[in-house]
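Protein chains: 2
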Amino acid sequence: MFRFEILARSRKSDARLGRIYTPHGTVETPAFIFCGTKASVKGMTIAQVEEAGTQIILSNTYHLMLQPGGELVKSAGGLHKFTGWNKPMFTDSGGFQVFSLGYGGVGNEIKNAQQTKTNRTLQRITEDGAEFKSYIDGKPILLTPERSIEIQMALGADIIVCFDECAPYHVDKLYTTNAMERSKRWAKRCLDTLQAHGDEKQALLAVIQGGVFKELREESAKFANRHEFDGFAIGGSLGKSKEEMYQTVELTSKMLDKNRYVHLLGIGGIEDIFNGVKYGIDTFDCVAPTRIARHGAAIVKKKYLYGGNQKYLNLHKTSVERDFAPISPDCDCYACQNVTRAYVHHLLKARESLGGNLITIHNMRTMNRLMEDIRTHLEHDNLEAAFVEWCAA
Amino acid sequence: MFRFEILARSRKSDARLGRIYTPHGTVETPAFIFCGTKASVKGMTIAQVEEAGTQIILSNTYHLMLQPGGELVKSAGGLHKFTGWNKPMFTDSGGFQVFSLGYGGVGNEIKNAQQTKTNRTLQRITEDGAEFKSYIDGKPILLTPERSIEIQMALGADIIVCFDECAPYHVDKLYTTNAMERSKRWAKRCLDTLQAHGDEKQALLAVIQGGVFKELREESAKFANRHEFDGFAIGGSLGKSKEEMYQTVELTSKMLDKNRYVHLLGIGGIEDIFNGVKYGIDTFDCVAPTRIARHGAAIVKKKYLYGGNQKYLNLHKTSVERDFAPISPDCDCYACQNVTRAYVHHLLKARESLGGNLITIHNMRTMNRLMEDIRTHLEHDNLEAAFVEWCAA
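Here the protein sequences come in this chain order: A and B.
So for the first sequence, the working numbering puts the first residue at 195; every next one is plus one.
So for the second sequence, the working numbering puts the first residue at 195; every next one is plus one.
Next up, the structure:
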């Protein structure tokens, strides 16, 4: 059964040390949730994911409903049996992909990245739900709050999320208000569906919407606080700059029931995580650590970067061609213990998938080490020291 | 130091149970050598290669000389340190790729597969060596016997191979004779180079050439027997049918010094291995087990195939979409112990690289189990029983 326990609260900020109990084990928080988008953390076996110290992974309802389908996963015994991952698991509602792929590039906008044009797959939004075209065969699919919960019940993750309308940044306040209000009604339908048909093993998170508008976030938070959600996921557009994003997360988090679990959707930069933790966020998810790995970028503490304004260690660069040091000098991951930057560089250049796999192992372990460090320092209410260790140049 | 010991000889055939001693440990023979073409078994960490029970892997001098170059690998401390593989390692001479890529599709012809047109990169063959164009930057490169050995010394594998002229099947007897005679002169230059500059840790194999012509194989074998090669590698064109291939391997093997180690180049089908073992072959290498894995084909005992004339279990097929059994019911590999055919099918369909990686793990373990079974049965001189177990429908 799901339970969230707060073990300690900081006296300096809203940061807290906690523990999530699920039918598949516990998660020490603050924690990072890795993306296993299509029921696979790309290139990694579950043994490798575990060896990196991972506590919890996420799969996307949107992708899995299209292939192989919730019903097949249910026949397989659920996502845990299907993938071989016996620890806590999280699924999202499908909403983010329906709307971000649908609007064309909104996913990027929400995350503050360059906006790019993609094919719009979203057909129409009604009170019932959202209709979109499958990216596999082009067939129209109607995703409703009820259907999203049914699929997430079939998938069987420990923590599931309400189906919401994820409004982009560029729309006006009226649009954002309507989307937030509809998300409230949809969240209620999600809760009703799970309470009527669920097995009481799955925890349901309400998504807090409202864009960058304080009073809308307030309304969304009030609604969520009032109902029996097991926790909250802060979603929607957080703003178009880091400052705005931090502000939105901080003010939203302050509005939420202080005893319930809070997840921040889609954010995973190291400084962003430190800020999120201070605002009371318990878990984070982001595709970046595993995605950038496949493009040759290794996450290291800032002091180990080759200077300049780099965010990551780019192992594609010729400068590491003869660098026989490990990816990061302080890392205990399998890759750092066994191979060098020069070897990974060679693999990337030779287009050997092992190159990206080794960096994925490293990045996973690094994000897990980051969260371990944050938790250890929170025990002594000394988050600043961890921040200096990870973020000082 | 290299040493080959024969532990038992069959009384029914030329099969033998043996042990290869190298500076990086021993190899129980008959054994299968897996291809780590560009210093990586595609997609696999060294830990995964080891977990599958692998004794020895091979890298290709041709690819590594082009990138990252022998000198860089030497700076890294040799192939073992570079890759993290601390067990026995084998490199070929580069000859096979120079000539097979050079002639266009000869590699396929030699292996009895469909001939396909590829870009011809071979520029010219002289007594000095072979000139070819780099597939990376198009630069002309001269590979000589001396250069091949120097690069293989820099790579530092335990077992290395003489640079030879690998004549295709379709040329006439005169051409094959000349190539075999030149290969003899080149082999002598390889031996001289290693004896003059080597560290006595690397074992050198002579390649037995001569195509399908008995008297040419005889001449090649006589030459190799006469010189201080640590062993032999049967190479060149073995014929264009299975029958011709078996005949060529059998007659060539019979001509070789019975106390030295014999490798068969590029052959790895299960029935072919049983035949090779009977003819006295100690090790085999082939890219197939790992290559076909990436295309969805799992190696299983014949009785576990879905009938028909299939050679492999094709996990791409819709027939396994809801098959929640392991890849093979009798397999102890990581994949079979943790996931199902349906999951691997989903991954292949979703183009998740984990799908090919899981089948690679399975195929490696299966080839190692095959060789373990062959060795166990050779202890009781009962190879037939192992053949029935693996090859009976």
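C-beta atoms are modelled at their ideal positions from N, C-alpha and C, and glycine is treated no differently.
Taking a C-beta cut-off of 9 Å against chain A, the contacting residues of the stretch 501-519 of chain B are Glu515, Arg516 and Phe518, listed in chain order. In the displayed model, Phe226(A) falls within a strand according to three-state DSSP. If you check each beta-carbon in the stretch 215-243 of chain A against every beta-carbon of chain B, the ones closer than 9 Å belong to Thr231, Lys232, Ala233, Ser234, Val235, Lys236, Gly237, Met238, Thr239, Ile240, Ala241 and Gln242.
Here Ser342(B) is not near Gly392(B), since their CB atoms are 9 Å or more apart.
Contact between Ala487(A) and Thr554(A) is confirmed by a C-beta separation of about 4 Å, below the 8 Å threshold. In this structure, Ile354(B) sits away from Phe407(B), with a CB-CB distance that is not shorter than 9 Å. Around the beta carbon of Arg545(A), fewer than 16 other beta carbons lie within 10 angstroms, which makes this residue exposed.
Unbroken alpha helix (DSSP H) runs of no fewer than 4 residues, entirely contained in the stretch 476-525 of chain B, are found at 482-488, following chain order.
Counting along the chain, Lys327(A) sits inside the beta strand (DSSP E) bounded by residues Ala324 to Lys327. Judged by beta-carbon spacing, Lys382(A) lies beyond the 9 Å limit of Glu413(A), meaning their Cβ atoms are not closer than that value. The beta carbon of Phe417(A) sits closer than 8 Å to those of Lys378, Ala381 and Ala400, all from its chain and outside the five residues before and after it, given in chain order.
Sequence-distant Cβ neighbours of Thr446(A) in its own chain, meaning closer than 6 Å and more than five residues away, are Ile402, Arg411 and Ile428.
Look at Gln249(B) here: in three-state DSSP terms it is coil, with no helix or strand label.
When Glu583(A), Leu564(A), Gly332(A) and Gly550(A) are compared, the shortest CA-CA separation from Ser234(B) is found for Gly550(A). Put simply, the stretch 571-584 of chain A does not touch the stretch 250-268 of chain A. Fewer than three CB pairs are less than 8 Å apart. Cβ contact annotation for Glu359(A) (same chain, cutoff 6 Å, sequence separation greater than five): Ala373, Arg376 and Ser377, in chain order. Taking 9 Å as the cut-off, the beta carbon of Tyr528(B) is found closer than this to the beta carbon of Thr239(A). For the 9 Å CB-CB criterion, Gly237(A) and Trp279(A) do not form a contact.
Restricted to the stretch 417-457 of chain B, the alpha helix (DSSP H) segments that are unbroken, complete and at least 4 residues in length are 436-448, listed in chain order.
Inter-residue distance for Lys206(B) and Lys275(B) is about 42 Å (C-alpha atoms, whole angstroms).
By the beta-carbon neighbour count (other beta carbons within 10 angstroms, threshold 16), His574(B) is exposed. Rounded to whole angstroms, Gly404(B) and Glu222(B) show a C-alpha spacing of 29 Å. Distance from Pro282(A) to Thr477(A) at the Cβ level is roughly 10 Å; contact not present, criterion being Cβ atoms closer than 8 Å. Residues of chain B with a Cβ closer than 7 Å to the Cβ of Tyr528(A) are, in chain order, Thr239 and Ala241. Counting only runs that start and end inside the stretch 356-417 of chain B, the alpha helix (DSSP H) elements of at least 4 residues fall at 367-391. Only residues of its own chain outside the window of five on either side were considered, and among them Phe478, Met561 and Met565 have a CB closer than 6 Å to the CB of Phe226(A), listed in chain order. For Ile319(B), no alpha helix (DSSP H) segment is defined; the enclosing uninterrupted segment is the beta strand (DSSP E) at Leu316 to Ile319. Among the bridge pairs identified by DSSP, Thr220(A) is matched with Tyr215(A). Under the 10 Å beta carbon count, Ser328(A) is surrounded by fewer than 16 other beta carbons and is classified as exposed. The beta carbon of Ser547(B) falls within 9 Å of a beta carbon belonging to chain A, placing the residue at that interface.
A Cβ-Cβ contact shorter than 9 Å links Tyr473(A) with Glu444(A). Inter-residue distance for Arg559(A) and Thr277(A) is about 20 Å (C-alpha atoms, whole angstroms).
In the three-state reduction of the DSSP assignment, Met283(A) falls in the strand class. Taking the beta carbon of Lys281(A) as reference, no residue of chain B falls within 8 Å; the closest one sits roughly 13 Å away. Comparing alpha carbon positions, the residue from Glu321(A), Leu349(A), Gly430(A) and Asp567(A) closest to Tyr256(A) is Leu349(A).
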